[in-house]
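Here my numbering runs 255 ahead of the position in the sequence shown, where the first position is 1.
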Amino acid sequence: ESTTSTTESTTSTTESTTSTTTTTESTTTTTESTTSTTESTTSTTESTTSTTTTT
Numbered sequence: 256e257s258t259t260s261t262t263e264s265t266t267s268t269t270e271s272t273t274s275t276t277t278t279t280e281s282t283t284t285t286t287e288s289t290t291s292t293t294e295s296t297t298s299t300t301e302s303t304t305s306t307t308t309t310t
């Protein structure tokens, strides 16, 4: 008795799903401008004129 074995070929179709998710998050960076006030210390140098009168 010849037993004919039929091998069923199962073709699996792999569907390629290309999901393109473009999420562009716009991050607004607030740069705090710190104005440093430089105190200008004006040092007044008193010029002492010593007049020595030798008679």
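Virtual Cβ for every residue (Gly too), placed ideally from N, Cα, C.
Distance between residue j and residue i (C-alpha atoms, nearest Å)
i: Thr282; j: Ser274; result: 24 Å
i: Thr279; j: Thr262; result: 52 Å
i: Ser260; j: Ser271; result: 34 Å
i: Thr277; j: Thr258; result: 58 Å
i: Glu287; j: Ser305; result: 54 Å
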